[in-house]
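Here's the structure, in structure tokens; my notes come after.
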Amino acid sequence: MVLKVYRPITPGLRKASISYDREVLRRGRKSKKLIFGKKRDVGRRAGRITVRHKGGGEKRLLRIIDFRLNKFDVPARVERLEYDPCRTAYLALICFDDGERRYILAPKDIKVGDTILSSLKQIEVKTGNRMPLKYIFPGTLIHNIELVPGMGGRLSRSAGSHAVIKVHENGFTQLEMPSGEIRLVRDSCLASVGEISRDEWRLVRWGKAGRMRHRGIRPSVRGKAMNPVDHPHGGGGGHTPIGLKYPKTPTGKHALGVKTRTKKKWTNIYILKRRFKKGRK
């Protein structure tokens with residue numbers, strides 16, 4: 339864990355911290371074949387705001403990341419670890435024995451020079467190796483998990499996240515997700531062993547609004563501080579209440595306690611236990 343806490347020599351650095359491991363990460367030129375530019379237009383459609391509080395941010399180059407790792411039974415060596423501005427986890431640049439290079443999500447405790455392997459057969463269960471779920475022991479931490487065989491990893495891809503294998507039965511594997519949800523996944527789906535790097539990310543304190551703007555996150559304004567024409571909570575003088583039976587969204591809908599998941603969603607049969615908020619079970 340590398341979490342640097344700044345000294346409060348300016349108001350913006352007071353209680354601010356940063357997660358960045360200078361001794362491990364490599365700085366310098368990136369592989370041109372694995373990066374590309376893209377115009378940022380988040381939160382907009384046809385010029386209209388569809389998602390609030392998004393916009394701006396630093397220019398960045400997107401990395402082409404291999405979530406499938408479908409070059410089977412060919413060992414790959416970790417050449418270097420890199421920072422990715424587009425996600426919370428670090429990246430590992432791996433080089434296969436045939437010379438091909440790819441970016442993957444860097445697992446925790448992986449080092450430069452380590453060898454990893456992806457296979458459809460049973461191989462050694464060690465950090466970074468990728469194989470079908472049925473060959474991984476219960477209790478093992480895994481990440482970058484497929485929901486459909488061959489689709490590529492969809493679950494547990496952010497910094498410090500992982501899932502835990504509970505049990506294998508009837509062609510399915512029970513997984514305990516970081517949210518507390520327990521769901522079934524086909525045991526032929528691939529997953530990587532270990533947890534994602536940079537688990538200290540959740541402890542970062544941003545310190546000032548400018549750092550959030552660099553990330554592309556715009557300010558959030560209370561509806562009560564707006565005019566009546568801009569928000570259902572707006573208007574009134576001084577510290578007045580919203581004057582409604584329940585809080586509303588800017589478009590006038592219920593703001594709290596609204597279930598957004600479809601009751602008849604076809605994946606319900608694979609969820610054995612829904613996620614719960616902290617403090618509730």
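Following the numbering used here, the numbering of the sequence shown begins with 339 at its first residue and continues without gaps. A virtual CB, placed ideally from N, CA and C, is assigned to each residue, including glycine. Since we're looking at a predicted model, the values are computed, not measured.
Annotation note: the stretch 472–534 contains the following uninterrupted beta strand (DSSP E) runs of length 3 or greater, listed N- to C-terminal: 479–481, 491–493, 501–507, 510–514, 520–524, 528–531. The distance from the Cβ of Val412 to that of Lys449 is about 20 Å, inconsistent with a contact at the 8 Å cut-off. Secondary structure note for Gly548: its alpha helix (DSSP H) is the uninterrupted segment 547–552.
The secondary-structure analysis by DSSP pairs Ser456 across a beta bridge with Arg468. Distance from the CA of Leu443 to the CA of Trp539, rounded to the nearest whole angstrom, comes to 15 Å. In this structure, DSSP gives Ala414 an extended state, which the three-state scheme calls strand.
Per DSSP, the beta bridge partners of Leu419 are Leu363, Ala430. Scanning its chain for C-beta atoms nearer than 6 Å, with the 5 sequence neighbours on each side dropped, one finds around Ile402 the residues Leu372, in chain order.
According to the DSSP assignment, Leu443 belongs to the beta strand (DSSP E) that extends over 439–443.
Put simply, the backbone Cα of Thr465 is about 36 Å away from that of Leu351.
Taking 8 Å as the cut-off, the beta carbon of Val531 is found closer than this to the beta carbon of Val463.
For Leu485, the closest of Gly477, Phe475, Lys504, Gln512 by C-alpha to C-alpha distance is Gln512. Burial state of Tyr441 is buried, judged by a 10 Å Cβ sphere holding 16 or more other Cβ atoms.
Annotated three-state conformation of Arg386 is strand, per DSSP.
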